[in-house]
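J.: When the count follows our numbering, it moves up by one through the sequence shown with no breaks and lands on 730 for the last residue. Where a beta carbon is used, it is the ideal one built from N, C-alpha and C, also for glycine. Take a look at this one; I'll ask things after.
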Amino acid sequence: MRATVRVRVLAVDGPQVWVAVSGRLSTTTAPALAQALLLREAEGFTAFFVDVSTLTDDRELTADEIREVFPCDRRLAFHLIGSADDLRLQPGRDPRFVFHPGPASAWSVWVHGSSTKGGKAGCPSSTRTRSRRSSLGSIT
């Protein structure tokens, strides 16, 4: 059976985008997820709320390879919703990531405006202009 990943944009608010990711994360689907996140970054989003609670990890990728799925830019912040173990990422290891055990804590940050300060050393800084945003997207 071929692995698929689905990325759905659920909400947008200024520089914030809330996406739900479902399916199986594997060597064949990681590039599609990376591309979907890059598209959202190109649209001008800097705060990503990424619900990974229904994403299945096939364990084909190392933790470093999983981190590489997320765009590397100092101004980006990724609020991962679901267990940190779901993606085998360690809290505190990469300052781009903020972990939320469930949607309630992430929603509280969303409502009050998230920090868009990333800051992983070695990530090139780039300036993007905001383009027209799509309200719904799906990658399979």
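Can the beta-carbon of E744 be found less than 9 Å from the beta-carbon of P661?
T.: There is simply no residue 744 to check, as the chain begins at 591 and stops at 730 in what is shown.
J.: Ordered along the chain, which non-local residues of its own chain (more than five positions away) have a Cβ less than 7 Å from that of A624?
T.: V659
J.: What first and last residue would you give for the beta strand (DSSP E) that runs through R614?
T.: 606 to 615
J.: Give the DSSP-derived three-state secondary structure of D648 in the structure shown.
T.: coil
J.: Tell whether a beta-carbon distance below 9 Å holds between P574 and A637.
T.: In the structure as shown, the chain begins at 591 and stops at 730. Residue 574 is therefore absent and cannot be evaluated.
J.: For L600, collect the residues of the same chain with a Cβ closer than 7 Å to its Cβ; drop the 5 residues on either side in sequence, then sort them by chain order.
T.: W608, V609, A610
J.: Going by the CB atoms, is the gap between L670 and S616 shorter than 9 Å?
T.: no
J.: Between A696 and F639, which are expected to be in contact by the criterion C-beta below 8 Å, what is the C-beta distance as a whole number of angstroms?
T.: 5 Å
J.: Rounded to whole angstroms, what's the CA-CA distance from S612 to R649? Just pull it up for me.
T.: 15 Å
J.: Can you tell me where the alpha helix (DSSP H) holding D543 begins and where it ends?
T.: This structure gives no information on residue 543, because the portion of the chain shown stretches from 591 to 730.
J.: Quick one: using the 10 Å Cβ neighbour count with 16 as the cut-off for buried, is G682 buried or exposed?
T.: Exposed is the call here.
J.: Would T734 be called buried (16 or more neighbouring beta carbons within 10 Å of its own) or exposed?
T.: Coverage of the chain is limited to positions 591 through 730, which leaves residue 734 absent and any answer about it impossible.
J.: Would you say V642 and L677 are within 9 Å of each other, going by their C-beta atoms?
T.: yes
J.: What residues in its chain sit with their C-beta under 6 Å from that of T644, if we drop five residues either side in the sequence?
T.: S612
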